[in-house]
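Student: Structure provided below as structure tokens; questions to follow.
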Amino acid sequence: MSQGLLAVNNNNQILVSTDTRNLHFVQKLAGPTEAVELMDTHGGMRRLRYRVTCSVTPVPFFTMPTAEFHGITRVSSVGTNLWDIELLRSGYSYIYPEMYVFADPRASTATETHGLVVYRDDGTPSFDSRLKPLAITGGLSVSHPANPRPTFPFALSHAFCESTDENAGLVFAPDAYNSYTLSGQPAKPMYFYASLAQAQREALFYDSDEDCAGVDKIGVCFKYEYEEWWSWYWAFYRGGIARLGNEIRAGWIVASFGCNYKYRKESSIIGINAGGADAIGGRWPYSNETLNLYSNSIIVADASRYD
Amino acid sequence: MSHGIEVYDASGNLTYSTADVTWNQVDFFFVSGGGTATKYYPVIDGREVLTAQILINAPPLDRRAVAHTIDVSGIIVGVYGGSEDAYILVMMR
Chain A
70 MSQGLLAVNN
80 NNQILVSTDT
90 RNLHFVQKLA
100 GPTEAVELMD
110 THGGMRRLRY
120 RVTCSVTPVP
130 FFTMPTAEFH
140 GITRVSSVGT
150 NLWDIELLRS
160 GYSYIYPEMY
170 VFADPRASTA
180 TETHGLVVYR
190 DDGTPSFDSR
200 LKPLAITGGL
210 SVSHPANPRP
220 TFPFALSHAF
230 CESTDENAGL
240 VFAPDAYNSY
250 TLSGQPAKPM
260 YFYASLAQAQ
270 REALFYDSDE
280 DCAGVDKIGV
290 CFKYEYEEWW
300 SWYWAFYRGG
310 IARLGNEIRA
320 GWIVASFGCN
330 YKYRKESSII
340 GINAGGADAI
350 GGRWPYSNET
360 LNLYSNSIIV
370 ADASRYD
Chain B
2 MSHGIEVYDA
12 SGNLTYSTAD
22 VTWNQVDFFF
32 VSGGGTATKY
42 YPVIDGREVL
52 TAQILINAPP
62 LDRRAVAHTI
72 DVSGIIVGVY
82 GGSEDAYILV
92 MMR
């Protein structure tokens with residue numbers, strides 16, 4: 070740098086630079102604007118929408134008031150300076166995260182009269198101490214286990230997806246996670262974590278049956294019916310993180326579920342095909358695999374500094 | 002603090018100091034599904050760089066929804082291989 074300002078800390082990490090932009094506090098939302106979807110099976114899911122006003126792309130941080138899994142699953146522009154932040158959370162409770170929104174200093178206007186402002190060479194602000202610049206307390210990189218539910222605990226109905234959502238939910242509720250230690254977290258931590266990992270798991274339950282449908286006068290079966298049933302139950306998962314004290318877990322949240330079935334019936338009279346019936350139905354997922362198992366960055370900061 | 006900067010507000014509260022730690026935003030840009038981007042940032046040379054990707058739309062259930070790969074090499078940040086629209090956040094310290 071030949072001109073401008075560069076401030077570094079004791080570890081020579083940049084604090085303020087006229088070549089970059091610090092993130093500054095824009096808005097706190099004490100709760101979601103809307104609970105878009107509530108799922109009370111499959112380990113529970115809450116799809117929460119937080120609407121914020123911000124003139125540039127927002128960087129969201131959320132608290133984790135419960136030990137369930139959380140993740141920012143999308144950020145979308147929905148109007149002029151309006152953004153929807155979607156957060157997915159596992160579990161059944163109605164205790165929702167607070168959302169703290171940060172952005173570069175062009176997004177806010179200061180009312181404070183004292184402080185320090187640093188400008189870039191184009192005249193736009195790079196840093197403004199009056200706008201509560203983001204200070205972090207830690208971070209780590211996490212990855213998710215490839216299989217959200219390695220073992221299915223019991224069988225479901227093979228016929229026409231007849232098992233209840235509650236029973237299917239017990240089979241598919243995720244129970245796998247990777248564990249990390251993150252010590253030195255503040256009393257009220259907030260987290261930046263953008264969920265990318267996805268997984269789909271499916272379980273096929275099959276059965277067949279052959280019956281005699283007609284017996285002649287001497288007791289010999291001359292007509293047979295042969296039936297087959299397939300039911301593919303599935304669940305679609307998104308990656309999430311959970312906090313238990315100094316432990317951070319990278320696990321899964323069920324975002325959607327369904328079932329697809331197939332039925333086939335054939336009849337034969339003295340060995341000659343006499344027709345049959347087929348049926349298919351249900352919702353069908355894309356594939357049985359895990360995607361986007363990248364290493365995910367988590368940034369931790371002290372939320373109380375922005376309350 | 003014996004060395005550094007402390008910045009206070011009008012009430013005398015410390016708002017920022019060189020004892021703090023942060024990640025600074027270098028860029029925040031859009032890459033479409035199926036698109037690629039190659040960005041050059043001389044300012045990140047020799048610095049610790051952190052990237053993040055935020056999806057814009059909910060992943061569909063009827064096809065594979067692959068996130069972009071983000072490579073950082075020297076002063077070059079490359080984004081490619083994803084099928085979904087995303088925001089890419091580049092930070093450094």
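Keeping their order, the protein sequence lines are chains A and B.
Going letter by letter, the first sequence gives residues 70 to 376 in my numbering.
Going letter by letter, the second sequence gives residues 2 to 94 in my numbering.
We put the beta carbon where it would ideally sit given N, CA and C, even for glycine.
1. Would you list the one or two residues that DSSP bridges to T122 of chain A?
2. Comparing the C-beta of I83 of chain A with each C-beta of chain B, is any distance below 8 Å?
3. Let me confirm a value: F196 of chain A is counted as buried when at least 16 other C-beta atoms fall within 10 Å, else exposed. Which label applies?
4. Rounded to whole angstroms, what's the CA-CA distance from G112 of chain A to V289 of chain A? Just pull it up for me.
5. Mind pulling the chain A residues with CB within less than 7 Å of I57 of chain B?
6. To the nearest angstrom, how far is it from the Cα of R90 of chain A to the Cα of W301 of chain A?
7. Among A:R199, A:S146, A:D190 and A:I317, whose alpha-carbon lies nearest the alpha-carbon of F94 of chain A?
8. Should R270 of chain A and R218 of chain A be called a contact, given that it needs their Cβ atoms to be closer than 8 Å?
9. Residues in the same chain with beta-carbon distance under 6 Å from V105 of chain A, minus the five sequence neighbours each way, listed in chain order, please.
10. According to DSSP, is A20 of chain B helix, strand or coil?
11. Does chain A have any CB closer than 8 Å to the CB of I6 of chain B?
12. Please compile the residues from chain B whose C-beta is within a distance smaller than 9 Å of the C-beta of F94 of chain A.
13. Return the chain-ordered list of same chain residues with a C-beta closer than 6 Å to the C-beta of L98 of chain A, the five sequence neighbours on each side being excluded.
14. How far does the alpha helix (DSSP H) with L239 of chain A in it reach, from first residue to last?
15. Report the residue ranges of all alpha helix (DSSP H) runs contained in full by the stretch 13-68 of chain B; include only those spanning at least 4 residues, in chain order.
16. Taking only beta carbons into account, state which residues of the stretch 182-195 of chain A come closer than 9 Å to chain B, listed in chain order.
17. List, in chain order, every chain B residue whose beta-carbon is nearer than 7 Å to that of I205 of chain A.
18. Taking Cβ-Cβ distances below 7 Å as the criterion, which residues of the stretch 241-270 of chain A are in contact with chain B?
19. Could you run through the stretch 66-82 of chain B and flag, in chain order, every residue whose CB is less than 7 Å away from some CB of chain A?
20. For A53 of chain B, would you say it is in contact with chain A, using Cβ-to-Cβ distances shorter than 8 Å as the test?
Tutor: In short, the structure shows the following:
1. The count along the first sequence starts at 1 and reaches residue 122 of chain A at position 53. For T122 of chain A, which the question treats as bridged, DSSP gives the partners A:L151.
2. Residue 83 of chain A sits at position 14 when you count from the first residue of the first sequence. It does; some Cβ of chain B falls within 8 Å.
3. As a working note, residue 196 of chain A is residue 127 in the first sequence. F196 of chain A is buried by the Cβ-count criterion.
4. Within the first sequence, the letter at position 43 stands for residue 112 of chain A. Within the first sequence, the letter at position 220 stands for residue 289 of chain A. Going from the Cα of G112 of chain A to the Cα of V289 of chain A covers about 53 Å.
5. Taking the second sequence and counting its residues from 1, one reaches residue 57 of chain B at position 56. Going along chain A in sequence order, the residues near I57 of chain B (Cβ under 7 Å) are R143, V144 and S145.
6. Locating residue 90 of chain A in the first sequence gives position 21, where the first residue counts as 1. Locating residue 301 of chain A in the first sequence gives position 232, where the first residue counts as 1. Answer to the nearest angstrom: the Cα atoms are 50 Å apart.
7. On the first sequence, position 25 is the one that residue 94 of chain A refers to. Considering only alpha carbons, the answer is A:R199.
8. For this step, residue 270 of chain A is matched to residue 201 along the first sequence. For this step, residue 218 of chain A is matched to residue 149 along the first sequence. Contact flag set, yes.
9. By 1-based counting over the first sequence, the position of residue 105 of chain A is 36. Excluding residues within five positions, the ones whose Cβ falls inside 6 Å are R116 and R118.
10. As a first step, residue 20 of chain B must be located in the second sequence, where it is residue number 19. Note: A20 of chain B maps to coil in three-state DSSP.
11. Mapped onto the second sequence, residue 6 of chain B falls at position 5. Output row for I6 of chain B: interface = yes.
12. Translated into positions along the first sequence, residue 94 of chain A becomes position 25. Within chain B, no residue comes near F94 of chain A; the closest Cβ sits about 11 Å away, beyond 9 Å.
13. If you number the first sequence from 1, residue 98 of chain A lands on position 29. Answer for L98 of chain A: Y119 and M168, listed in chain order.
14. Within the first sequence, numbered from 1, the residue matching residue 239 of chain A stands at position 170. That run of the alpha helix (DSSP H) goes D234 to F241.
15. none
16. T182, H183, G184, L185 and S195
17. Position 136 of the first sequence, counted from the first residue, corresponds to residue 205 of chain A. Within 7 Å Cβ-Cβ: V22, T23 and W24.
18. A263, L265 and Q267
19. A66, V67 and A68
20. The count along the second sequence starts at 1 and reaches residue 53 of chain B at position 52. True, the Cβ-Cβ gap to chain A drops below 8 Å.
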